[in-house]
Amino acid sequence: MSLPYPFKIGVQSLFREKWINLLSILTIAAGLLIIGISVFVLYNLDIATKKLPEKFSMMLYFNDGIQKEKIDHIIVSLKRNSAVNSVRYIPREEALRELKATLKNSNYIFEGLEENPLPDSLEIRLEKEAVGPEAVKKLADEALKLKGVSDVDYGEKFLSTIHYLKVGMKAVGIVLIAILSTGIIFVCYSTIKILFYRKTEEIETFKLLGATRWFIRAPFLIEGAIIGASGGFLSLIGIFTFYYIVVMRLSVAIPIFKTVLFPADLFLPLPVMGMFLGITGAFIALGRLRY
Amino acid sequence: MIEFANVTKEYDNQTALKDISFSVGKGEMVFITGPSGSGKTTLLKLIYVADKPDTGNISVAGWDTDQIKESSIPFLRRNIGIVFQDFRLLANKNAFENVAIALRIRGVGEKEVKTRVYESLKTVNLRHKSDSFPKSLSGGEQQRVVIARAIVSEPTVLLADEPSGNLDPDTAEGIMRTFKDINAKGTTVLIATHNRELYRNSGRRVIKLNSGILIGEEIG
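Chains as they are written, first to last, in the numbering used here: chain D, 90 to 380; chain P, 4 to 223.
In structure tokens:
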């Protein structure tokens, strides 16, 4: 079975204008490679910050002399909150024991201490999705209003720094992807525009012979799609090479790189993305054909 | 089949055609004649909607060219085979491909394309040159490839703009025979020429133009 005619023309043109097309493919590949690496970095950053909630806890301190029934009541009401995963009651004696165990090499600190200075407290662990600056602050404010609660500690600055770092990196990533995608569309646009101008006479003849707009457009769109997809495929090779050569080698020398994840599934659509951008660029370049 | 009603066309305030009215019936073969610059090519261009008239109406194969939507123009043109004065052959395609394009545009299948293109090239005695590129063909041969391209789709109307321009008398006679054969099959043929030999003793209608004005009509 032979290829449909517009496809044949598109492929022929691809080889006839091989240098300009090759240059476009390499430019698109470079752009998509940067996009791929950005996604790779963002993905790993996201994974790293997602692990934080497992380690995050909020401490709630009680006033001296608070009754156990009152504490139990507060525990029950806290557990009812959907943002709360678990609540652990730490009596002041246990808190002192834990402190002493932690500072066992500096036990002189506790010499002469007649009274336990630590209050009864609760260690609250939150649901993963609730660990955001706003949600945590809301919960802390609510807890502070409870009778018998003297203080709430949750590492406010650390939490908001991580949060804004994550949001900031995501924003930078999205802007970068948007700029590079626009750049790729522009590369395809320019390439197809040049090829279109080179074939102006041929296209005029096609029109006079009765060719429809789609008959004229199709080979260019196919060419744009192949250029974009080829660029995407090259970038895919580039990103796998980047991972195996750069990251794998670095992990030998720097152990932290061993924790770096490579989401191969996330990169497989790169040729499809290239193809889509290629078609978009070609479509814009062709504009409205007039008869 | 073709009808001009009070058609006027100007380019940069220069009159190309002025108040032209005539009609060509289905299956007729008509000559348009006149000196260079008399408006013959403009008249043909208005028929295949490469241009539109400033005033007046033109009807071709049932289409009103004034009312036609841009998206419908290709479908009107598919009724028309055109022998361009400047050939309009694709330099990077051989004779076969140049003729085949007229059928591929119409979505004809490859098997049928092959049969019809060879048949068409045979009609103009160029079957043996099907692999040759325009550059390696003589002016007359190029002209015949253009004719083969115009007739391969079996159009209802055939327009020829100075078809004997690059031909020796013998070849010109052969081409005229081809046009007559096509016309005999029912195609309406309109030939723009300044060559009297083409229409002399043809027994066909000859429409005379001068400076864009229809100055008369006679039987050749």
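Quick reminder that beta carbons are idealized off the backbone N, C-alpha and C, glycines included.
Own chain residues within Cβ distance below 8 angstroms of residue i, not counting five before or after
i                  : result
Lys-48 of chain P  : Asp-54
Lys-139 of chain D : Lys-217
Asn-204 of chain P : Gly-223
Beta carbon proximity, residue i to chain P, threshold 8 angstroms
i                  : result
Glu-383 of chain D : The displayed coordinates of chain D run from 90 to 380. Any statement about residue 383 of chain D would go beyond what the structure contains.
Tyr-286 of chain D : no
Leu-121 of chain D : no
Tyr-332 of chain D : no
Leu-310 of chain D : no
Phe-329 of chain D : no
Leu-323 of chain D : no
Thr-280 of chain D : no
Gly-299 of chain D : yes
Thr-271 of chain D : no
Phe-372 of chain D : no
Tyr-253 of chain D : no
Phe-304 of chain D : yes
Tyr-132 of chain D : no
Same chain, Cβ closer than 7 angstroms to residue i, neighbours up to 5 away in sequence not counted
i                  : result
Pro-360 of chain D : Ala-318, Gly-321, Phe-322 and Leu-325
Met-90 of chain D  : Bear in mind that a pLDDT of 47 at Met-90 of chain D, under 50, signals an unreliable position, so the number given afterwards is only what the model happens to contain. Excluding sequence neighbours, Met-90 of chain D sits near nothing in its chain.
Leu-170 of chain P : Gly-143, Gln-146 and Ile-178
Ala-184 of chain D : Leu-207 and Ser-210
Ile-109 of chain D : Thr-280 and Ile-283
Val-341 of chain D : none
Thr-11 of chain P  : Leu-20, Lys-21, Asp-22, Pro-56, Asp-57, Thr-58 and Gly-59
Ile-311 of chain D : Pro-95, Phe-96 and Gly-99
Gly-168 of chain P : Gln-88
Cβ separation of residue i and residue j, assumed to be a contact under 8 angstroms, to the nearest whole Å
i                  : j                  : result
Leu-217 of chain P : Ile-50 of chain P  : Wrong, their Cβ atoms sit about 15 angstroms apart, outside the cutoff.
Ser-41 of chain P  : Gly-215 of chain P : 7 angstroms
Tyr-178 of chain D : Ile-198 of chain D : In fact, because the Cβ distance is near 25 angstroms, the residues do not count as touching under 8 angstroms.
Lys-43 of chain P  : Ala-151 of chain P : Not a contact, Cβ separation roughly 23 angstroms.
Val-149 of chain P : Phe-87 of chain P  : 6 angstroms
Met-228 of chain P : Val-160 of chain P : Nothing about residue 228 of chain P can be read from this structure; chain P reaches only from 4 to 223.
Arg-109 of chain P : Arg-80 of chain P  : About 10 angstroms separates the two Cβ atoms, so there is no contact after all.
Leu-378 of chain D : Ile-305 of chain D : 6 angstroms
Pro-137 of chain P : Ala-94 of chain P  : 6 angstroms
Phe-346 of chain D : Leu-339 of chain D : 5 angstroms
Gly-189 of chain P : Gly-30 of chain P  : 5 angstroms
Residue i burial status per 10 Å Cβ neighbour count (16 or more: buried)
i                  : result
Thr-348 of chain D : exposed
Glu-200 of chain D : exposed
Tyr-202 of chain P : buried
Ser-133 of chain P : buried
Ser-123 of chain P : buried
Ser-74 of chain P  : exposed
Ala-267 of chain D : exposed
Asp-209 of chain D : buried
Val-63 of chain P  : buried
Ser-141 of chain P : exposed
Pro-38 of chain P  : exposed
Pro-95 of chain D  : buried
Thr-191 of chain D : exposed
Glu-165 of chain P : buried
Arg-107 of chain P : buried
Asn-196 of chain D : exposed
Gly-219 of chain P : exposed
Ala-353 of chain D : exposed
Asn-256 of chain D : Here residue 256 of chain D is Val; the residue named in the question, Asn, does not match the sequence. Counting Cβ neighbours within 10 Å, Val-256 of chain D comes out exposed, since fewer than 16 surround it.
Below-8 angstroms beta-carbon distance, residue i vs any chain D residue
i                  : result
Ala-53 of chain P  : yes
Ser-62 of chain P  : no
Met-4 of chain P   : no
Ala-105 of chain P : yes
Leu-140 of chain P : no
Ile-154 of chain P : no
Ile-185 of chain P : no
Pro-172 of chain P : no
Beta-carbon proximity list for residue i, same chain, < 6 angstroms, skipping 5 on both sides
i                  : result
Ala-229 of chain D : Val-241 and Tyr-243
Ser-24 of chain P  : Phe-7, Ala-8 and Asn-9
Phe-90 of chain P  : Gln-145 and Val-149
Cross-strand partners of residue i (DSSP beta bridge)
i                  : result
Gly-219 of chain P : P:Lys-211
Asp-164 of chain P : P:Ala-195
Met-32 of chain P  : P:Val-192
Asn-60 of chain P  : P:Ala-8
Gln-17 of chain P  : P:Tyr-14
Met-148 of chain D : D:Glu-212 and D:Asp-242
Ile-85 of chain P  : P:Leu-162
Ser-175 of chain D : D:Arg-214
Ser-26 of chain P  : P:Glu-6
Cβ of residue i within 8 angstroms of any chain A Cβ
i                  : result
Ile-194 of chain P : Although the question refers to chain A, the structure presented lacks it and instead comprises the protein chains D and P.
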